[in-house]
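Here's the structure we're looking at; comments come further down.
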């Protein structure tokens, strides 16, 4: 019995596929290491810290730094570093994003120079100006460290809420899971098939009694298993490093995840159905994945795009998958919210799969 | 009564866009016969062999394997054919043994046959080597092992030694000569090396621009004109160019 399974072509195709993947260190890095590294990087860069430091250019002929520290129990401490520099230098630092406000001191007080469309610069201005305006420039230069406790002022009217799922990392992780599924299916499945065709291996294999469906089933199965492992490891990491947990319905998440895999596997097979040139495959994958990566709200909310674009962005498969996973993760959603996206994703996958298979070039 | 042919090619034509690759070829292969399709690059050898392999369909004409057409008998015919294509690259990080094991499974064969095939092509010591780390000659022997894994009644080899050094080429020849001694497999081999055709095949078919110019045994081909010393001379006499041009 066991021998019969071992000699079975579906099992051997699956095994060959697994061995091919696990023996390639690049697969482990791009599938597992890369999303985790990206989460660490972006998580650290955009997670609000209790101590924040804002750099401001203070236009002055000499150099040095004045420090204004605002203590606040509720809003966290903010340190403004006023770095003395020339106007030219300040413009360079503005362009580099090191400072976002430049301050000039004149007889009539301070003037603030910044891009009014930049919300971060606005915040620096709004928080810094009431304090700075009370300190004459001469005092600031004489005594370069100034400290003020604002806790009492904000204390009474601000209630600190601790709602889970409002940090940037909470937004990011579900998107990373969705993106992982997309890339894994397009590269692992789509590019994998094109590569096999370009090596003439596909042609060689179908010149045997191999069942064609077994080849595709093996590819898709291995991809799905790897995607589950990759997403599992990313979630484990997110839980350990950032304390992220799933608020909503886990079976709904599993079904949505499966639907996402079906959608992108279908798209992967479709894009790989005809060409035997890996360069063309490469271009196809980039053309499909890059716009979605930017538009679908993986790294930042798609509500930043103009209103007319939202109805175009929302039905994209990656948007649907990322929104769905996110709603389960941080909004506590369940089947009520995710059934329709799951069905649409499944239908998308089946449609692309069917058309892809019709056009599929085996030799 | 002569034995019934294993392969019959009748008036076959095939063209691609603007190129007429094969035009009006007839060919008959008998059981146990080793036949060389000899011709320069672009003569139409590969197209002809791929049509016999059932990978390509002729535009016109008919190909029968053991009296059967490809259409309707594909499943059956795939089981009795062994082949190697030009320049197939296998899964890089799969060992020689694993690659043979994969192909064996397509024929429902187990590890015993994999072992036999490894011995047949002399790759026992390379069983654990990834295919990407095999030399050109070893890779061709692996391709031959895959072609032989199912005890094929018909073996179709497309330029099995192109690009190999003389030693590696002789190793392949040795394997094929052994096969000829020990089995009743019929073989078609395409080549542009006249030595390969002479060494391995009793029947030589000279192809040029999609047509068969001449066929017969070495003797028959060279006896026609005493001034011909070898097949290359014959080819030059027929076409005005040399096999390697």
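Residue numbers (my numbering), protein chains in the order written: chain A, 443 to 805; chain B, 58 to 302.
A virtual CB, placed ideally from N, CA and C, is assigned to each residue, including glycine.
DSSP beta-bridge partners of residue i
i             : result
residue 73/B  : 76/B
residue 569/A : DSSP, once it has assigned bridges, lists no residue as partnering residue 569/A.
residue 265/B : 268/B
residue 548/A : 551/A
residue 591/A : 513/A
residue 499/A : 525/A, 544/A
residue 84/B  : 66/B
residue 519/A : 493/A
residue 556/A : Residue 556/A is not bridged to any residue.
Supposed contact pair residue j and residue i - C-beta distance, whole angstroms, cut 8 Å
i             : j             : result
residue 218/B : residue 229/B : 5 Å
residue 484/A : residue 614/A : 6 Å
residue 739/A : residue 764/A : 6 Å
residue 524/A : residue 545/A : 7 Å
residue 281/B : residue 100/B : The pair is not a contact, with the Cβ atoms about 21 Å apart (cut-off 8 Å).
residue 463/A : residue 668/A : 6 Å
residue 481/A : residue 680/A : 7 Å
residue 766/A : residue 783/A : 5 Å
residue 628/A : residue 731/A : 6 Å
Cutoff 8 Å: residue i Cβ touching any chain B Cβ
i             : result
residue 725/A : no
residue 660/A : no
residue 643/A : yes
residue 639/A : no
residue 801/A : no
residue 805/A : yes
residue 515/A : no
residue 443/A : no
residue 479/A : no
residue 532/A : no
residue 465/A : yes
residue 449/A : yes
C-alpha distance - residue i paired with residue j, whole-angstrom precision
i             : j             : result
residue 168/B : residue 649/A : 21 Å
residue 304/B : residue 243/B : With chain B running from 58 to 302 in the structure shown, residue 304/B is simply not present.
residue 636/A : residue 714/A : 6 Å
residue 671/A : residue 474/A : 9 Å
residue 153/B : residue 180/B : 8 Å
residue 298/B : residue 79/B  : 19 Å
residue 301/B : residue 471/A : 47 Å
residue 74/B  : residue 143/B : 22 Å
residue 794/A : residue 707/A : 9 Å
residue 270/B : residue 90/B  : 20 Å
residue 846/A : residue 88/B  : No information on residue 846/A is available, as it lies outside the stretch 443 to 805 that chain A covers here.
residue 494/A : residue 717/A : 52 Å
residue 21/B  : residue 805/A : The shown model of chain B, from 58 to 302, leaves out residue 21/B, and the question about it has no answer.
residue 120/B : residue 157/B : 29 Å
residue 665/A : residue 530/A : 54 Å
residue 117/B : residue 64/B  : 17 Å
residue 150/B : residue 465/A : 6 Å
residue 528/A : residue 511/A : 23 Å
residue 173/B : residue 165/B : 15 Å
residue 497/A : residue 189/B : 55 Å
residue 769/A : residue 461/A : 36 Å
residue 630/A : residue 592/A : 55 Å
residue 488/A : residue 478/A : 15 Å
residue 587/A : residue 612/A : 36 Å
residue 141/B : residue 452/A : 22 Å
residue 245/B : residue 195/B : 21 Å
C-beta neighbour in chain A for residue i, strict 8 Å
i             : result
residue 112/B : yes
residue 73/B  : no
residue 167/B : yes
residue 306/B : Here chain B covers residues 58 to 302 and nothing more, so residue 306/B does not appear.
residue 148/B : yes
residue 135/B : yes
residue 144/B : yes
residue 125/B : no
residue 216/B : no
residue 158/B : yes
residue 155/B : yes
residue 221/B : no
residue 132/B : yes
residue 151/B : yes
residue 140/B : yes
Contiguous beta strand (DSSP E) assignments of at least 3 residues, all confined to the segment 443-477 of chain A: none
Beta strand (DSSP E) runs contained entirely in the segment 192-253 of chain B, provided each spans 3 or more residues: 211-215, 243-248
Runs of alpha helix (DSSP H) wholly within the segment 111-166 of chain B (minimum 4 residues, chain order): 131-135, 153-163
Those runs of the alpha helix (DSSP H) which lie wholly inside the segment 682-747 of chain A and span at least 4 residues: 692-713, 720-737
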